[in-house]
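Novice:
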Amino acid sequence: MLLFYVTKTGRLEKSIVNLICCALVLFFSVQSSPELFAQNDTPCEGAQRWTRGASWNQNGSINDSNQAPSPNGIIRCGSSAETQAQLVPFNNSVYNSNQFAINVEGSNSCIDPSSGQPVNVKNPTNGQPIIWLNFDVRPKAGSFEIQLNDNSGDKVGWALYVSNVHQTGTSLAANGNQLSGDCSNLTKVACGVESSSTWNTIPIDGTDFIEATNFYLAIWDQNADGNLAINNFKARYGCGDADFETCSLSSGTPEEVCNNDGTFTINVPIEGINGEYVGYDANAKNGGLSNRVCLTNSGEAGSTTGVISLTYDQGVDYNIQIFETTNSNPPIPVTPSAGCDHPDPYPGDPNNGNADSCVATVTGTAPECCVEPTLETVNGSVCAESQSDIDLTTLVTSNGIVSFHETQAEANTNTNPINSTVSPLAAKTYYVRSEVDANCFVTDKIEISIDPLPTVTVSGGSWCTDAGLVQNIAGSGMPLGGTYSGTGVTDNGDGTFNFDTSVGTQTLTYTYSDGDNCSNSATASLEVNDLPTVTVSGGSWCTDAGLVQNIAGSGMPAGGTYSGTGVTDNGDGTFNFDTSVGTQTLTYTYSDGDNCSNSATASLEVNDLPTVTVSGGSWCTDAGLVQNILGSGMPTSGTYSGTGVTDNGDGTFNFDTSVGTQVLTYTYSDGNSCENSAT
């Protein structure tokens with residue numbers, strides 16, 4: 001019996017370094033059959049499809065159901081073997097070295113699968129029967145097991161070929177069978193003899209298990225007795241999920257990423273199975289080592305793809321060697337991780353399986369990178385109503401050439417730059433561009449918000465024209481902390497102000513700035529009112545008038561107050577005056593609706609009585625009526641009176657002596673209507 005574990009490396013190289021494991025258990029039974037010689041002597045003429053296993057869908061996926069339609073031929077996952085019994089040459093196929101030569105004699109690649117040691121195998125004999133069996137292994141499998149049972153003890157030889165064309169499906173061949181790959185373009189990957197025990201491992205030349213693999217197995221009897229039949233063909237572990245695992249690796253086109261710190265990163269996509277892979281380049285940073293990538297196979301959880309990343313200083317070319325961590329001759333020693341799959345040893349050499357074959361090299365020149373300038377921004381604000389502006393440069397920190405724009409598109413193309421000093425009426429976004437050159441730049445944005453103006457109130461006041469300089473007026477401005485100004489106004493810095501009323505009515509302005517340095521103001525009137533026009537007239541009295549009461553005042557406008565020495569205001573527009581105080585000044589004071597008052601004065605005269613003299617006379621009783629007596633009263637123009645006396649109005653008087661002796665009274669009134677008398 002022979003057991004093959006088959007893996008692929010991505011190269012069709014026939015070197016012991018690039019050998020991968022394949023396990024195949026063969027139990028051959030050569031049964032009696034007629035010796036038939038036909039012209040079906042090439043793989044394309046003699047190949048038959050394995051009738052068990054999964055089948056291809058039209059889109060290249062795999063139908064693994066138990067009822068998968070024919071043609072089948074894809075080895076399934078898991079340990080349950082699927083068997084096709086009684087294999088015989090298709091259509092009497094025979095070997096013809098002129099049509100397709102199988103050359104295994106003298107090849108050190110043929111082995112005894114039990115020991116893993118090289119063996120000699122005879123080539124098929126021309127004209128002898130040969131079995132060609134076509135089957136497939138799914139992408140990213142890495143290993144599989146097949147078993148050929150032969151109970152006759154014949155000397156079986158075999159050679160395993162792989163199609164150099166990968167096909168995820170089958171096509172109708174010229175011989176009428178559905179076959180995969182290209183049966184006319186084959187490469188030998190293993191050869192050997194029947195195993196002396198089951199499930200042995202052998203090394204084979206590798207091919208790429210990353211893609212679907214189309215195999216062609218040739219079986220013949222080295223004894224060339226003309227009869228060939230195999231009891232059954234079995235296969236299992238078609239997803240690389242057997243205990244024995246081999247690795248496979250291929251690399252894709254590297255991605256060059258320029259960083260903003262003077263470095264660049266090379267990201268190499270890799271695809272493979274059953275290995276822990278790492279990249280190394282002495283010129284790279286981080287000691288030259290990349291991240292580690294653990295790949296499994298299609299039969300296990302995990303990934304079969306990954307990315308190897310290395311970072312370099314700008315200007316440094318790269319030469320990356322990617323290898324499996326159990327490689328026997330790595331570019332730099334690394335310790336394999338226990339948590340990752342690794343290739344399993346196979347009989348013979350090497351003891352690290354096919355790890356040395358799973359390598360890749362990626363080289364390239366350093367990309368021309370842009371070192372983007374640094375750019376940091378902060379948002380700002382301005383006061384409403386364009387009361388303030390802001391210089392956008394104060395909101396930017398950058399080591400590049402900075403410009404400002406109104407749209408992102410303009411920033412990207414560096415078109416229509418605007419002045420850095422702005423004063424928007426509403427909240428607005430500005431876009432910043434910082435560049436090293438036209439193709440190396442970064443952008444950001446600045447939000448400018450609008451700070452509302454503070455609400456400010458103030459009230460004024462009123463004064464009369466005679467108030468002069470009014471000091472330390474308690475201001476009513478709100479919020480507190482503002483400043484008072486205006487014609488004739490002086491701010492005292494403590495919430496009070498002075499006002500010189502001599503400037504007349506003015507406007508008081510109160511200005512306040514808040515924490516955002518936004519200011520607003522309010523105004524009020526500082527009124528200076530004229531004094532009312534006040535008039536009053538006085539009067540005159542004689543010294544003997546005494547207390548003159550309820551004198552009707554002449555003050556205008558009405559409603560004022562009378563005052564002065566000897567004057568009493570009665571509150572009803574009249575006043576009393578005590579003439580005993582002599583001549584005095586009467587003051588009339590009036591306050592109007594603006595609380596402005598004024599006064600007027602007049603004289604209250606108290607006049608002395610005139611000095612009056614007179615002399616009498618004497619007459620005899622028989623004088624009778626004495627007429628036109630020339631009066632002696634002084635000053636003249638007075639009036640004579642008394643019993644028996646008649647004033648004649650011309651400075652003379654008559655006296656009737658019949659009344660006897662009487663008193664003559666002379667009364668005189670001067671220009672002030674003051675009168676006096678003498679007797």
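For the sequence shown, position 491 (counting from the first letter as 1) is numbered 491 according to the working numbering, and the numbering increases by one without interruption. We put the CB at the ideal spot given by N, CA and C, even for glycine.
Report the start-end ranges of each beta strand (DSSP E) in the segment 456–488 that is 3 residues or longer and not cut off at the edges.
Specialist: Listed in chain order, they are 461–464, 469–474 and 483–485.
Novice: Which two residues bound the contiguous beta strand (DSSP E) that contains P330?
Specialist: Stepping through the sequence shown from its first residue, residue 330 is reached at position 330. Run containing P330: none; DSSP gives neither H nor E here.
Novice: DSSP three-state label for K122, please.
Specialist: Along the sequence shown, one-based indexing puts residue 122 at 122. Reduced to three states, the DSSP call for K122 is coil.
Novice: Under 7 Å between the Cβ atoms of G680 and W132?
Specialist: No answer is possible for residue 680: it lies beyond the span of the chain, which begins at 1 and ends at 679.
Novice: Which residue marks the beginning of the alpha helix (DSSP H) containing C620, and which one marks its end?
Specialist: One-based indexing of the sequence shown puts residue 620 at position 620. Segment: none, C620 is in no alpha helix (DSSP H) and carries neither H nor E.
Novice: So, are the CB atoms of Q128 and A224 less than 7 Å apart?
Specialist: Position 128 of the sequence shown, counted from the first residue, corresponds to residue 128. Position 224 of the sequence shown, counted from the first residue, corresponds to residue 224. Yes, the pair counts as a contact, with Cβ atoms nearer than the cut-off.
Novice: Which class does G566 belong to by DSSP, given the choice of helix, strand or coil?
Specialist: Taking the sequence shown and counting its residues from 1, one reaches residue 566 at position 566. In the structure shown, G566 sits in coil (DSSP, three-state: anything other than H, G, I, E or B).
Novice: Expressed to the nearest angstrom, what Euclidean distance is found between the alpha-carbon atoms of V104 and V189?
Specialist: On the sequence shown, residue 104 is found 104 positions in, with the first residue counted as 1. On the sequence shown, residue 189 is found 189 positions in, with the first residue counted as 1. Cα-Cα distance, rounded: 11 Å.
Novice: So for N164, helix, strand or coil by DSSP?
Specialist: Within the sequence shown, the letter at position 164 stands for residue 164. Coil at N164, not helix or strand.
Novice: Going by alpha carbons, who is nearest to V548 out of V567, G560 and E82?
Specialist: Along the sequence shown, one-based indexing puts residue 548 at 548. Minimum Cα distance to V548 is reached at V567.
Novice: A737: buried (16+ other C-beta within 10 angstroms of its C-beta) or exposed?
Specialist: Because residue 737 is not part of the residues shown, which for the chain are 1 to 679, the question remains open.
Novice: Tell me whether P43 sits in a helix, a strand or coil according to DSSP, three-state version.
Specialist: Indexing the sequence shown from 1 puts residue 43 at position 43. If DSSP states are grouped into helix, strand and coil, P43 belongs with the helices.
Novice: Classify E372 as helix, strand or coil using the three-state DSSP reduction.
Specialist: Residue 372 sits at position 372 when you count from the first residue of the sequence shown. If DSSP states are grouped into helix, strand and coil, E372 belongs with coil.
Novice: Taking DSSP as the reference, what is the three-state secondary structure of C674?
Specialist: Counted from its first residue, the sequence shown places residue 674 at position 674. Looking at C674 - three-state DSSP - the assignment turns out to be coil, as it is neither helix nor strand.
Novice: Measure the CB-CB distance between L453 and C370 and report whether it falls below 7 Å.
Specialist: Walking along the sequence shown from the start, residue 453 turns up at place 453. Walking along the sequence shown from the start, residue 370 turns up at place 370. Against a cut-off of 7 Å, the Cβ pair of C370 and L453 comes out as no contact.
Novice: G474: which of T487, Q67, A85 and G493 sits nearest, CA to CA?
Specialist: What you label residue 474 is simply residue 474 of the sequence shown in a count that begins at 1. The sequence shown places Ala at residue 474, not Gly. The candidate whose alpha carbon is nearest that of A474 is G493.
Novice: Between which residues of its own chain and D670 is the CB-CB distance below 6 Å, once the five residues before and five after are set aside?
Specialist: Counting from 1 along the sequence shown, the entry for residue 670 is found at position 670. So the list reads P610, once near-sequence residues are dropped.
Novice: Would you list the residues sitting across from F135 in a DSSP beta bridge?
Specialist: Here the question's residue 135 lines up with position 135 in the sequence shown. BP columns for F135 point to F215.
Novice: Below 8 Å on the Cβ atoms is my guess for S143 versus G240; work out the distance and round it to an integer in Å.
Specialist: For this step, residue 143 is matched to residue 143 along the sequence shown. For this step, residue 240 is matched to residue 240 along the sequence shown. The Cβ separation is near 5 Å, so the contact holds.
Novice: Counting Cβ pairs closer than 8 Å, one from the segment 569–584 and one from the segment 504–513, do we hit at least three?
Specialist: Judged by Cβ distances under 8 Å, the segment 569–584 makes no contact with the segment 504–513, as fewer than three pairs qualify.
Novice: Alpha carbons only, please: which of P557, D317, G288 and G302 is nearest the one belonging to I308?
Specialist: Indexing the sequence shown from 1 puts residue 308 at position 308. The shortest Cα separation from I308 among P557, D317, G288 and G302 belongs to G288.
Novice: Suppose the cutoff is 7 Å on Cβ atoms and the five residues either side in sequence are ignored; what does the same chain contact list for Q84 look like?
Specialist: For the purposes of this step, residue 84 is taken as the residue at position 84 of the sequence shown. These residues qualify, in order along the chain: W50, T51, R52, N232 and F233.
Novice: Rounded to whole angstroms, what is the Cα-Cα separation between N672 and A545?
Specialist: Counted from its first residue, the sequence shown places residue 672 at position 672. Counted from its first residue, the sequence shown places residue 545 at position 545. Each residue's alpha carbon lies about 12 Å from the other.
Novice: Using C-beta distances below 7 Å, list every residue in its chain close to T583, excluding the 5 sequence neighbours before and after it, in chain order.
Specialist: Position 583 of the sequence shown, counted from the first residue, corresponds to residue 583. Result list for T583: S603, L604, E605 and V606, in chain order.
Novice: Sorted by chain position, which residues of the same chain lie with C-beta nearer than 7 Å to T621's C-beta, five sequence neighbours on each side aside?
Specialist: Translated into positions along the sequence shown, residue 621 becomes position 621. These residues qualify, in order along the chain: T657.
Novice: Contact check, F215 vs D136 under 8 Å by CB: the rounded distance?
Specialist: Counting from one through the sequence shown, the residue named residue 215 turns up at place 215. Counting from one through the sequence shown, the residue named residue 136 turns up at place 136. So it is a contact: roughly 7 Å between Cβ atoms.
Novice: Rounded to whole angstroms, what's the CA-CA distance from V30 to V362? Just pull it up for me.
Specialist: Numbered from its first residue, the sequence shown carries residue 30 at position 30. Numbered from its first residue, the sequence shown carries residue 362 at position 362. Interpretation of V30 is limited by its pLDDT of 35, a score under 50 that renders its predicted location unreliable; no figure is taken from the coordinates.
Novice: What residue from W158, Y666 and V359 has the CA that sits closest to E276's CA?
Specialist: Taking the sequence shown and counting its residues from 1, the one referred to as residue 276 is at position 276. The shortest Cα separation from E276 among W158, Y666 and V359 belongs to V359.
Novice: CB P373 to CB V436, shorter than 7 Å?
Specialist: Your numbering for residue 373 matches position 373 in the sequence shown. Your numbering for residue 436 matches position 436 in the sequence shown. For P373 and V436, yes; Cβs fall inside 7 Å.
Novice: According to DSSP, is N507 part of a helix, a strand, or is it coil?
Specialist: Numbered from its first residue, the sequence shown carries residue 507 at position 507. A small fix is needed here, since residue 507 is Thr in this sequence, not Asn. Here T507 sits in strand by DSSP.
Novice: If you reduce the DSSP assignment to three classes, tell me which class N654 lands in.
Specialist: Stepping through the sequence shown from its first residue, residue 654 is reached at position 654. If DSSP states are grouped into helix, strand and coil, N654 belongs with the strands.
Novice: Would you decide whether V503 is buried or exposed? Buried here means 16 or more other CB atoms lie within 10 Å of its CB.
Specialist: Looking up residue 503 in the sequence shown gives position 503. Exposed, because fewer than 16 other Cβ atoms sit within 10 Å of the Cβ of V503.
Novice: Between the beta-carbon of W220 and the beta-carbon of I130, is there less than 7 Å?
Specialist: Along the sequence shown, one-based indexing puts residue 220 at 220. Along the sequence shown, one-based indexing puts residue 130 at 130. Yes, the Cβ-Cβ distance between W220 and I130 is below 7 Å.
Novice: Whose CA, out of N177, V422, V316 and V402, lies closest to the CA of N72?
Specialist: As a working note, residue 72 is residue 72 in the sequence shown. Looking at the Cα atoms, N177 is the closest of the given residues.
Novice: Give the C-beta separation of V432 and L375 to the nearest angstrom, bearing in mind that I take them to be a contact with Cβ-Cβ under 8 Å.
Specialist: The sequence position of residue 432 within the sequence shown is 432, counting from 1. The sequence position of residue 375 within the sequence shown is 375, counting from 1. About 7 Å separates the two Cβ atoms, so the contact holds.
Novice: So T296 and I273 are supposed to be a Cβ contact under 8 Å. How far apart are they, rounded?
Specialist: Reading the sequence shown from its first residue, position 296 is the one you call residue 296. Reading the sequence shown from its first residue, position 273 is the one you call residue 273. Contact holds; Cβ gap of about 7 Å.
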